[in-house]
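Notes follow the structure.
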Amino acid sequence: MRVYLASVATDGKANSHALARPPVTFSFVQPTSVEAALRAVGTPGSVAIAGGTDLLLDFDNQRIAADRVVSLNGLPWKHLTRAGGRLVVGSTLPLRRIELDPRVAVDLPGLYQSVHAVGGVPLRHRATMGGNLVRASPASDLLPVLLALEATVHIVGAYGSRASSLDDFLRGSRSVDLAPGELIESVSVPYPAPSAYVWQRVRPAKDISQVGVAVARVPGAGHWNVALGGVVPRPIRSPSAERHLTRLRPKAEEITRAAEAASEGVAFATDRRASEAYRHLLVSVLVRRALDKAIPPEAPS
Amino acid sequence: MTRSDGPAKLEGRAEFGTDVEVPGMLWGALVYAPVAHGRIRRVPLSGVRSMPGVAAAVGPDDLDRLLPGGGDRNRPVFPRTEVMYRNQPIAAVAARTASEARAAADAVRADIEELPALIDLETRFPEWPGPEAARSEGIIAHVHARHGDPDGAFRSADLVLTETYRTSGIHQVAIEPHACVARVDGGVWHVTTTTQTPFGVREDAAEILGIREADLVVEGTWVGGGFGGKGAAFLEPYALLLAAAAGRPVRLGFGYREEFLLGRSTLPSIIRIETAVSGRRIEARRVRLLLDSGASLPGRDFATGYSIGFLLGPYKIPAFEMEGYAVRTNKPPFGPHRAPFAPQCVFALESHMDELARRLAVDPIAFRLEHVWAEGDPTQFGQRVGPFGARAALEAARARIAAWRTDAPAGHGIGVALGFWSTGTGAGGETRLRLSERELVIEQGEREIGSGSVIRGLVAVAERVTGLPAESIRVAYSDTSTAPYDTGVFGSRTVGALGQAVEKAAKTLLGILGERLGTPPVRLEFAEGRIAVLTNKGLRGLETLLTDTERTAGGLLVGGRHFGTPGTIDESRVLDGTFYPYSDFTAAVHACEVNVDPETGAVRVVRSAAFHDVGVVVDRPMAVAQIEGGVAMGLGEALTEEALWSSDGRLLNPGLLDYRIPTLGEVPSIEVVPIEGFLGAGPFGAKGLGEPPVIAVPAAVANAVAAATGARVFELPLTAERVVRALKRLEGPARA
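So the protein lines, in turn, are chains U and E.
Residues in the first sequence are numbered from 4 upward in steps of one, following this note's numbering.
Residues in the second sequence are numbered from -14 upward in steps of one, following this note's numbering.
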């Protein structure tokens, strides 16, 4: 049994330095019912795609070795609905549709900013929320804000449906809690929520973030949530920053303390995009900038 | 502007190297060495010869069988004893399909004893090498020159500034990868390839294969960018060898990952520069260059001696000493990249000039103007400087940035740098012009590589001399067996040198017509599809001036040749190695304004202006496009482009995701200011413009960053992390 994600997560033999590869061949199916899709992805040698923007790259890097590609684009999972104080995003909805929704930018500015940060416009016309979740890239621009918004992942499988908090769902770099044969149906977040996402890259356009920082004030939470991307194998929350941020409008010195504390006690990665020391610096700068961007202005008296 | 290649390229009809397919063609694949350094015990191929679809497999043991004398012993097609870099081709396979060829190549299990690899220059030379290192193992070029009394000047100086700069490896990133199709037919070796130098490939490949140049025919295709990366034989000898072994045509091409891993990229360097100043005059300079050559350095003495000169000139310096080492490492061979090593040396020199000016509290442009060469001044080797627009370009830049300063926001920095290049290099070339009643054909031996220098530049020269419009002039291409010889489309020489051959031929053509008319022709005209001669007595149809032979045998044919004659240098100043005289003295000044994020170090270039000593502009839209492209390329070198190597010789970023060229988002507005009137040897006094646009850009950005922040970054590229480290806001180990 082989799901796109599972093969990504378990294939430790990925050889990103191999040179030329033979062309890949595969068959392609696009089921139109959830039952058929679950059967199809449960078939050995299958890989599920939505936008498919990483498919050829993964073949090329030998991260996957599937002979059948199952497109989820025939499923009724391209919705963007609001109910019970939650925004529900269908897993195969292209990111561009979220970006162009007039209310997302207002109700969930951090989500809008993070969607806007992904790739370029052509890519966002294809790339999806579900795909980004199962990819679970350490440097994902979407995951930090979903984490800060305490997103819930809605999963279907051959034996029924379940919901998982994003924090439980994310395991590590390119590793998530999704069993073979399971698929993500949607993601939901509370709204409205003051929030922001800021990032730093070597090259601003079409690059992968060295560090991304999301902040969000979720209804009912006693503090601002702070989430960091690009620093360790999976996006993480920063409780040491959050504890300074209980006010809706934290004082300047609280923001400074939160920014300084944000990466306390966490060893960050040093890699070809940034050193650990630089990531620490970026986190403190970006936490402050994210809060400055997200904190609602004082109501005029 | 019309470019006659536009429609074919836009509609996808133009056949590039990667598009070439011929009937019965096999697909080739190379076998890559799995180690960065190793002793070859055996490359067994008998197993893969019986794999599905495989028609031929060749390795070191087959060279003696397939090539006269086994090919060049010094530069064998495949290494016989020693692997010098990771992914070095050690064998090759040809098969029915690309998949079968790849599968067979991947199945080769070479028996190679891994040896310690030298990847990083500083591992070899943690301290600067002394003269005794010059003859040691692994130094593949050493240059040393001295003039005057530098030691005395340093002893008596008011100010001595010593700095060390580092530069990173960079790729050409031409959009089209290398590709060729080879066949051997009736004793003639034939290859169709994407190249900047069809005749250069003929010379190089014939030497590698041990065959006569006359037995090798090279046919160029449209070229999707070269930038120095398609200037010598590369895939052609492998493909020709496979074709010889298989008895059928073989196609060999790279994917983009191979382009990064194996393409001939420019490698890192360490530059030390020391200057002695008395008052505000530079009295002496010492420079040292350690150049990472990879497994080999083509034209090694030239490359080293030519590069290091850019650390002195174009400034009047009474006494100097310079010494350069090209150091062999276990990386792929060094390859030239647009203005080979000038942007790197100019980055060091022009950063250093700004730092000197800052310490002397002198305006940096004024400081340059006090030292810059003018026509008639001696170079470091006593050559007389020719017409040189550096001063005019600096003054134009000074005026422009004065205007910028009035509206630049606080925190922005403005930087200027002077680049110097010698264009129109001496190598020879020839064209033939064929004038018939309906068109003027320029027969020549190059292919258009994308800049327009052939398809538009040569036409523009012919237009200007003859008066004919572009639509009546055609550039003809053929292969090396029939085309007139030319050295290649490189070195900013195409319009300057080959264009000069066109200019001479066109003038000869007008002279012949004048003789036949009995009166000098004024111009040629083109109306209703026919060419006519305009004289002071009116229009004459060309057909009345052609002989019967010319009318029936393809027109009036004349030739034009060019051979550059650079000056001479004072050899008494040369202590070791080879240094070279300059041809046209060409200045390129770049100015830019940057915004630096003081917290993250991120640099954004917000506007820029390029002042170019072009001699005369031959075709303005092409000149502007050339400069804009060069500036964009220079911004990549300045800010983001950097090949990263692991300690075991793996390239860590072999793709466009982590090797970052600028997007349009990073390229600011570029103001193009041609500085005309300092004439070169090219047609009408034109100087070369292929390479100069890139040269001063990294230095100008570095100087702007220093102006914005007060911090000097000593290493290219100027990543945000390097900027905050220069600002002393960050310590600890750098990136992996």
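Cβ atoms here follow ideal geometry from the backbone N, Cα and C, with glycine treated the same way.
Look at the beta carbons and you see the segment 161 to 171 of chain E not touching the segment 357 to 370 of chain E: under three pairs across the two are nearer than 8 Å. Secondary structure remark: continuous alpha helix (DSSP H) runs of at least 4 residues inside the segment 150 to 228 of chain U, in chain order: 169 to 172. Per the C-alpha coordinates, the member of E/198, E/99 and E/140 positioned closest to residue 271 of chain E is E/140. Using a CB distance cut-off of 8 Å, residue 579 of chain E does not count as an interface residue toward chain U.
The beta carbon of residue 27 of chain E is closer than 6 Å to those of 96 in its chain, skipping five residues each way along the sequence. Cβ-Cβ separation between residue 218 of chain U and residue 114 of chain U: approximately 12 Å, too far for a contact (criterion under 8 Å). Listed in chain order, the non-local C-beta contacts of residue 661 of chain E below 6 Å within the same chain comprise 601, local neighbours out to five positions each way being set aside. For residue 88 of chain U, there is no enclosing beta strand (DSSP E), as DSSP marks it with neither H nor E.
Relative to the Cα of residue 243 of chain U, the nearest Cα in the group U/257, U/235, U/97 and U/251 belongs to U/257.
Secondary structure at residue 7 of chain E: coil, using DSSP grouped into helix, strand and coil.
Residue-level contact check: residue 709 of chain E touches chain U, since one or more beta carbons of chain U fall below 8 Å from its beta carbon. Beta-bridge analysis with DSSP links residue 256 of chain E to E/150 and E/274.
Taking a C-beta cut-off of 8 Å against chain E, none of the residues of the segment 69 to 85 of chain U qualify.
Going by C-alpha positions, residue 495 of chain E is about 35 Å away from residue 211 of chain E. Our two residues, residue 595 of chain E and residue 682 of chain E, have alpha carbons roughly 9 Å apart in a direct line. Residue range 375 to 392 is occupied by the alpha helix (DSSP H) that includes residue 376 of chain E. Within the segment 587 to 598 of chain E, contact with chain U at the beta-carbon level (separation under 9 Å) is assigned to 587 and 589.
Taking residue 609 of chain E as the centre and dropping the five residues before and after it, the same chain places the C-beta of 657 closer than 6 Å to its C-beta, in chain order. If the five residues before and after residue 276 of chain U are omitted, its C-beta is found closer than 6 Å to the C-beta atoms of 213, all from its own chain and listed in chain order. For chain E, the residues of the segment 206 to 219 of chain U that bring a beta carbon within less than 9 Å of one of its beta carbons are 206, 207, 208, 209, 210, 211 and 213, in chain order.
A direct Cα-to-Cα measurement between residue 239 of chain U and residue 175 of chain U gives close to 10 Å. By the criterion of at least three beta-carbon pairs nearer than 8 Å, the segment 194 to 203 of chain E is not in contact with the segment 146 to 155 of chain E. For residue 170 of chain E, the enclosing beta strand (DSSP E) stretches over residues 164 to 170. Look at residue 107 of chain U: its C-beta is not under 8 Å from any C-beta on chain E. Any Cβ of chain E closer than 8 Å to the Cβ of residue 203 of chain U would place that residue at the interface, and such an atom is present.
Around the Cβ of residue 498 of chain E, a 10 Å sphere holds 16 or more other Cβ atoms; the residue is buried. Runs of the alpha helix (DSSP H) lying entirely within the segment 669 to 708 of chain E and spanning at least 4 residues, in chain order: 677 to 680 and 682 to 694. Taking a beta-carbon distance threshold of 8 Å, residue 240 of chain U does not count as an interface residue toward chain E. The C-beta of residue 281 of chain U comes closer than 8 Å to at least one C-beta of chain E.
Counting along the chain, no beta strand (DSSP E) covers residue 247 of chain U, and no H or E run does either. As computed with DSSP, residue 654 of chain E is found in a beta bridge with E/592. The Cβ atoms of residue 420 of chain E and residue 541 of chain E sit closer than 8 Å to each other. Residue state for residue 101 of chain U is assigned as helix, using DSSP reduced to three classes.
Contact fails between the segment 631 to 646 of chain E and the segment 522 to 542 of chain E, because fewer than three Cβ pairs, one in each stretch, are under 8 Å apart.
Rounded to whole angstroms, residue 524 of chain E and residue 457 of chain E show a C-alpha spacing of 17 Å.
DSSP places residue 161 of chain E outside both helix and strand once states are collapsed to three, so it counts as coil.
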